[in-house]
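Trainee: My questions will all concern the structure given below.
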Amino acid sequence: MRAEYSHSGYLNTVTVSPDGTLCASGGKDCKANLWDLEKSELKCVRDNQDIINALCYSPSRYWLCVATGPSIKIWNLEDNSQVDELCPEVLTPNAKTELPQCISLAWSADGQTLFAGYTDNLIRVWQVSVGITH
């Protein structure tokens, strides 16, 4: 991939789509870069408001999940729309409570369940098809 499209800060995550045609990268510059591996070129850049900690592709849909700060944004790559934004619930919120940061992501093999690891030592399990967390 060409250097002129590189990130401006360190990278936290790189992932390849299930069909092997796309690569996504993200990190300190708050950008998720989507690369076309067949053409060896940058396909698009998605700006975020926080450092990108993790990325993963859905195994069953043309979706990219972006863990940025406490939230997970799910993007439909076919029409470049945001499908959903998942945020953790905090049991005892107060003015000093910092939301836990999402730092890792993984899909179930059937693409119905998203697992997310957070800095509060919890794994949150999201049923993405219905938007409910368990």
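In UniProt numbering, the protein residues as written are 1 to 134. Beta carbons are placed, not taken as given, at the ideal position from N, Cα and C, and that holds for glycine.
Quick check on the DSSP output: what are the complete beta strand (DSSP E) runs of length 3 or more inside the UniProt repeat "WD" (4 to 45), in order along the chain?
Mentor: 11 to 16, 22 to 27, 31 to 36
Trainee: So, helix, strand or coil for Q49, using DSSP?
Mentor: coil
Trainee: How many whole angstroms separate the CB atoms of E85 and K96, which I take to be in contact at a CB cut-off of 8 angstroms?
Mentor: Wrong, their Cβ atoms sit about 24 angstroms apart, outside the cutoff.
Trainee: Quick one: what does DSSP say residue 153 is sitting in, helix, strand or coil?
Mentor: Beyond the ends of the chain as shown, which are 1 and 134, falls residue 153; an answer cannot be given.
Trainee: Under 6 angstroms Cβ to Cβ from I132, same chain only, skipping five residues before and after it: list those, please.
Mentor: For I132, the pLDDT reaches just 44, beneath the cut-off of 50, and the residue's location in the model is therefore unreliable, leaving the point undetermined.
Trainee: Where does C87 sit, in a helix, a strand or coil, going by DSSP?
Mentor: In this structure, C87 counts as coil in the three-state DSSP scheme.
Trainee: Beta-carbon separation of V66 and A32 under 7 angstroms?
Mentor: Against a cut-off of 7 angstroms, the Cβ pair of A32 and V66 comes out as a contact.
Trainee: Roughly how many angstroms lie between the CA atoms of W126 and V14, to the nearest whole one?
Mentor: 22 angstroms
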